[in-house]
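Position one of the sequence shown corresponds to residue 170 (the working numbering), numbered consecutively onward. Here is the structure we will look at, set down as structure tokens.
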Amino acid sequence: QVQLVESGGGLVQAGGSLRLSCAASGSIFSMYDMAWYRQAPGKQRELVAAISSGRRTNYADSVKGRFTISRDNAKNTLYLSMNSLKPEDTAVYYCVAKTFSASEYNYWGQGTQVTVSS
Numbered sequence: 170q171v172q173l174v175e176s177g178g179g180l181v182q183a184g185g186s187l188r189l190s191c192a193a194s195g196s197i198f199s200m201y202d203m204a205w206y207r208q209a210p211g212k213q214r215e216l217v218a219a220i221s222s223g224r225r226t227n228y229a230d231s232v233k234g235r236f237t238i239s240r241d242n243a244k245n246t247l248y249l250s251m252n253s254l255k256p257e258d259t260a261v262y263y264c265v266a267k268t269f270s271a272s273e274y275n276y277w278g279q280g281t282q283v284t285v286s287s
């Protein structure tokens, strides 16, 4: 079992910044592929950014150049640094993990709300 606990969400004005954190349980965090998803009201859940166990990253086009995903394996923590935030970034953000034998992301955090005011 892997437990994921997000923090760092909140209310911010457009153009501002936030950093989300995700603390993960488990002794082999470094072997997990990790990602951030988000879901806005009335919209489908979407992949925001992903980072592999080898630290390869990819981003949704809508956040490229503004968001940065990173991981600290020594702290079992995943981060999402968000800059130049826009009202359309408002959503619940979820930390997800894909463990070694899984074919898709199989662990999800409870989510943290990010609200960007115009």
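We put the beta carbon where it would ideally sit given N, CA and C, even for glycine.
- Going by beta carbons, A192 and V285 fall outside the 8 angstroms limit.
- Out of S250, K267, I220, the CA that lies nearest to the CA of T237 is found in S250.
- Every unbroken stretch of the beta strand (DSSP E) spanning 3 or more residues and falling wholly within the segment 213-280 is given here in chain order: 215-220, 226-228, 236-241, 246-251, 260-267.
- Where Q182 is concerned, the enclosing beta strand (DSSP E) starts and stops at 179-182.
- When the alpha-carbon of L187 is set against those of L254, A266, Y276, the nearest one is in L254.
- In this structure, D202 lies away from A229, with their beta-carbon atoms at least 8 angstroms apart.
- Boundaries of the beta strand (DSSP E) harbouring A204: 202-208, taken from the DSSP string.
- Pairing S199 with E257, the inter-Cα distance amounts to about 32 angstroms.
- Note that the C-beta distance between E215 and T281 is not below 8 angstroms.
- Leaving aside the five residues that flank T259 on each side, the residues in its chain whose CB is nearer than 8 angstroms to its CB run, in chain order, A209, V283, T284, V285.
- Proximity to S194 across K233, A266, Y206, S272 peaks at A266, based on C-alpha coordinates.
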